[in-house]
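Visitor: In the UniProt record's numbering, the protein residues as written are 1 to 297.
We put the CB at the ideal spot given by N, CA and C, even for glycine.
Below you will find the structure I want to go over with you.
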Amino acid sequence: MIDLHTGTPWENVTFTAFGTNRNIFFNILQEARELALHEQEGKTVMYTAMGAEWRQFGFPRRRRPLSSVVLQEGVSEKILQDVKGFIDHPKWYSDRGIPYRRGYLLYGPPGCGKSSFITAIAGELEYSICLMSLSDNSLSDDRLNHLLSVAPQQSIILLEDVDAAFVSRDLAKQNPGVYQGMGRLTFSGLLNALDGVASTEARIVFMTTNHIDRLDPALIRPGRVDFKQYVGHCTHWQLTQMFLRFYPDQTLTTGEQFAKAAFSHTDKLSAAQVQGHFMMYKTDPEGAIENIGCVTV
Ligand SMILES: Nc1ncnc2c1ncn2[C@@H]1O[C@H](COP(=O)(O)OP(=O)(O)OP(=O)(O)O)[C@@H](O)[C@H]1O
């Protein structure tokens, strides 16, 4: 059978037993629940919006260790500490009548680790991720509002590339025929939905963008975005750490030598580029140092 509302397949299972011991059923259900939870142990569950609800997207992924995402020195710890401080103090918010939610914005050039860091922090907190694209044409104000209010417990809401949403919406104005009948998310609808995101549970919203300058100040004002962090090109420290993570047998001096060689070439390397470069010299750290100049920026 299919749930006509959401398109999700579902079925009813009826238990019948001769006898009076109802506990048999409770035990079966408990065992099934434990088995299902066991499958997600040590993994990060991703959800995407489907109709009016969140649906699991793909298989749960193995948690990404926070240490595998090398941000600028101290940044990772700073964000983690802030999120934990938020989760651990619900009373502080209720005592002051402040909605129990916190918004984070990671901004900066592509491939520097914004999405990877959010996945890793979700793993660290044992949270799932509800991934939502604001440029989805079927998204309307009501639907967004509803989805944000029914997001699974212990999840991070991730709005990626928030700058793209309203740029692409201009297309609707230019070509109304194509977009006729589609749900329409308005900018004020987004602001209202973000303001309405409040529950007794900690509600964490992460947004990412490559272009903070294109964002309306109303979207990133405190209360909607409480913590902004630039995630930029690799620093000397990051390059050294990435080298040592990739080639654990190498010394700190060699790592620094790599960073120096990279910097003599350019100061605009993204971590994704560095990772791609290392992949070409999997077992050859010297080669990685000598040829860092070949990375095209
Ligand atoms: N700081 C980092 N430390 C380790 N790996 C990184 C880092 N940044 C990026 N990577 C690697 O580069 C790839 C792309 O990174 P990611 O998608 O997180 O970048 P992004 O900043 O979110 O990019 P975009 O703005 O294009 O979405 C991933 O495979 C990731 O493992």
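(1) In chain order, what are the residue ranges of uninterrupted beta strand (DSSP E) at least 3 long that sit wholly in the stretch 256-292?
(2) Provide the residue(s) that pair with Met207 in DSSP beta bridges, ordered along the chain.
(3) What whole-angstrom Cβ distance do Leu191 and Ala218 have, given they're in contact under 8 Å?
(4) Taking only the alpha-carbon atoms, compute the straight-line gap between Arg22 and Val70 and give it to the nearest angstrom.
(5) Do you know offhand how far Gly111's Cα is from Leu139's?
(6) Which one or two residues does DSSP pair with Gln229 in a beta bridge?
(7) State yes or no: is the C-beta of Thr208 nearer than 7 Å to some heavy atom of ligand 1?
(8) Based on the DSSP output, what are the partners of Cys130 in its beta bridges?
(9) Bridge partners of Gln56, per DSSP?
(10) Taking the continuous alpha helix (DSSP H) assigned at Arg22, which residues delimit it?
(11) Under 8 Å between the Cβ atoms of residue 318 and Met46?
(12) Looking only at C-alpha atoms, which of Met50, Tyr104, Lys91 sits nearest to Thr209?
(13) Where does the unbroken alpha helix (DSSP H) through Asn12 begin, and where does it stop?
(14) Would you tell me roughly how many angstroms separate the C-alpha atoms of Leu37 and Tyr281, rounded to the nearest one?
(15) Among Asp161, Arg184, Ile157, Asp213, which residue has its Cα nearest to the Cα of Gly194?
(16) Pop quiz: Met207 and Val225 are said to be a contact at Cβ under 8 Å. What is the actual Cβ separation, rounded to whole angstroms?
(17) Grab the span of the alpha helix (DSSP H) containing Ile121 for me, first residue to last.
(18) Assuming Leu66 and Glu124 make a contact with CB atoms under 8 Å, what is their CB distance in whole Å?
(19) Near Ile79, which residues of its chain fall below 8 Å by C-beta distance, leaving aside the five closest residues on each side in sequence?
(20) Quick one: give me the first and last residue of the alpha helix (DSSP H) that Gln250 is part of.
(21) Just the C-alpha distance for Asn27 and Arg33, rounded to the nearest angstrom, thanks.
(22) Around the C-beta of Phe25, are 16 or more other C-beta atoms found within 10 angstroms, so that it is buried, or is it exposed?
Guide: Looking at the coordinates:
(1) none
(2) Leu105, Leu159
(3) 6 Å
(4) 53 Å
(5) 27 Å
(6) Leu106
(7) yes
(8) Tyr47, Ile157
(9) Tyr47
(10) Taken as a continuous stretch (DSSP letters only), Arg22 belongs to no alpha helix (DSSP H), as it is neither H nor E.
(11) This structure cannot speak to residue 318, because the chain is shown only from 1 to 297.
(12) Tyr104
(13) Segment: none, Asn12 is in no alpha helix (DSSP H) and carries neither H nor E.
(14) 39 Å
(15) Here residue 194 turns out to be Leu, not Gly, going by the sequence shown. Closest option to Leu194, Cα to Cα, is Ile157.
(16) 7 Å
(17) 114-125
(18) 5 Å
(19) Tyr104, Phe117, Ile121, Phe227, Gln229
(20) Taken as a continuous stretch (DSSP letters only), Gln250 belongs to no alpha helix (DSSP H), as it is neither H nor E.
(21) 10 Å
(22) exposed
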